[in-house]
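Residue numbers (mature numbering (1 follows the signal peptide of the UniProt record, and there is no 0)): -21 to -1, 1 to 186.
All C-beta atoms in this analysis are idealised placements derived from N, C-alpha and C, irrespective of residue type, glycine included.
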């Protein structure tokens, strides 16, 4: 009780200090508005949770909670799965997607949507490892690359920064700059990666 009284007294003192400081300052637009009716404000506050509950659920919120054992196995395998995906050297793989429908970043542990994404990550890696063996031809123009990167991000499994582009190596024969052959070789590697990206996207459309 003494602690509660002290806290209330401190809060009142803080409010008084704010009021004193505000008195000598030009009022903002909000400060010129009348104080709302206490009963109306109280009713609105009490109804806020109910109003939030009435909002339409997101796509992810309609999904069932994943199997506990499957979620646990996916969590334990997540680092390995990220390593496997990065080892393909196709795209800049960053982290688990944070823009999943219904994602709640304030979960104390892993959210349901993260558990679902971790399970899907394992499936994505398996599909991607098979898909890169057959790169799609003629998929290395910038517009196609951007479209495929966006499609991979739209899966809401992992955050992808972009295609990994091969940098041409400097050559002593060309004054420590890339020779034309080096430029063409780097371009060919990048184009092959773009083909692998397109193949991954095609294989994961129904994931």
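Fill in: Ordered list of beta strand (DSSP E) runs contained in the stretch 42 to 123, each at least 3 residues
The stretch 42 to 123 is shown to contain whole beta strand (DSSP E) runs of 3 or more residues at 70 to 75, in chain order.
Practice prompt. Determine contact between the stretch 167 to 182 and the stretch 104 to 115, defined as no fewer than three beta-carbon pairs at a distance below 8 Å.
Written response: yes
Worksheet entry | Whole-angstrom distance between residue 101 and residue 155, CA atom to CA atom | As a working note, residue 155 is residue 176 in the chain shown. As a working note, residue 101 is residue 122 in the chain shown. For residue 155 and residue 101, the distance between alpha carbons rounds to 43 Å.
Practice prompt. Measure the C-alpha to C-alpha separation of residue 60 and residue 104 and round it to an integer number of angstroms.
Written response: As a position in the chain shown, residue 60 is number 81, starting the count at 1. As a position in the chain shown, residue 104 is number 125, starting the count at 1. For residue 60 and residue 104, the distance between alpha carbons rounds to 6 Å.
Worksheet item: Alpha carbon to alpha carbon, how far is residue 145 from residue 127?
Response: As a first step, residue 145 must be located in the chain shown, where it is residue number 166. As a first step, residue 127 must be located in the chain shown, where it is residue number 148. About 18 Å.
Discussion item. Just verifying my parser: in three-state terms, what is the DSSP assignment at residue 142?
Written reply: The residue given as residue 142 occupies position 163 in the chain shown. In this structure, residue 142 counts as strand in the three-state DSSP scheme.
Worksheet item: Is it right to say residue 51 is buried, meaning 16 or more other beta carbons lie within 10 angstroms of its own, or is it exposed?
Response: Here the question's residue 51 lines up with position 72 in the chain shown. So residue 51 ends up on the exposed side.
Worksheet item: What number of angstroms, rounded off, separates the C-alpha of residue 186 from the C-alpha of residue 134?
Response: The sequence position of residue 186 within the chain shown is 207, counting from 1. The sequence position of residue 134 within the chain shown is 155, counting from 1. Going by the C-alpha atoms only, they are around 8 Å apart.
Practice prompt. Could you work out which residue in 143, 109, 125 and 159 is closest to residue 72 when comparing CA atoms only?
Written response: The count along the chain shown starts at 1 and reaches residue 72 at position 93. With distances taken between CA atoms, residue 72 lies nearest to 143 out of 143, 109, 125 and 159.
Discussion item. Let's see if you can read the secondary structure: which residues bound the alpha helix (DSSP H) around residue 179?
Written reply: Translated into positions along the chain shown, residue 179 becomes position 200. Residues 159 to 182.
Discussion item. For a quick check, are the C-beta atoms of residue 124 and residue 49 less than 7 Å apart?
Written reply: In the chain shown, residue 124 corresponds to position 145, counting from 1. In the chain shown, residue 49 corresponds to position 70, counting from 1. Not closer than 7 Å, so no.
Item to complete: Assign residue 64 to one of two classes, buried (16 or more other C-beta atoms within 10 Å of its C-beta) or exposed (fewer than that).
Response: As a position in the chain shown, residue 64 is number 85, starting the count at 1. By the neighbour-count rule (16 or more Cβ atoms within 10 Å), residue 64 is buried.
Worksheet item: Would you call residue 14 buried or exposed, if buried means 16 or more other Cβ atoms sit within 10 Å of its Cβ?
Response: Stepping through the chain shown from its first residue, residue 14 is reached at position 35. Answer is exposed; the Cβ neighbour count stays below 16.
Fill in: Simplified DSSP assignment, three categories, for residue 150
Counted from its first residue, the chain shown places residue 150 at position 171. In the structure shown, the three-state DSSP call for residue 150 is strand.
Worksheet item: Per DSSP, which one or two residues make a beta bridge with residue 128?
Response: The residue labelled residue 128 in the question sits at position 149 within the chain shown. Answer by DSSP bridge pairing: none, since residue 128 is not bridged.
Worksheet entry | Expected contact under 8 Å - CB spacing of residue 47 and residue 107 to nearest Å | As a position in the chain shown, residue 47 is number 68, starting the count at 1. As a position in the chain shown, residue 107 is number 128, starting the count at 1. Actually they are not in contact, since the Cβ atoms of residue 47 and residue 107 sit about 26 Å apart, beyond 8 Å.
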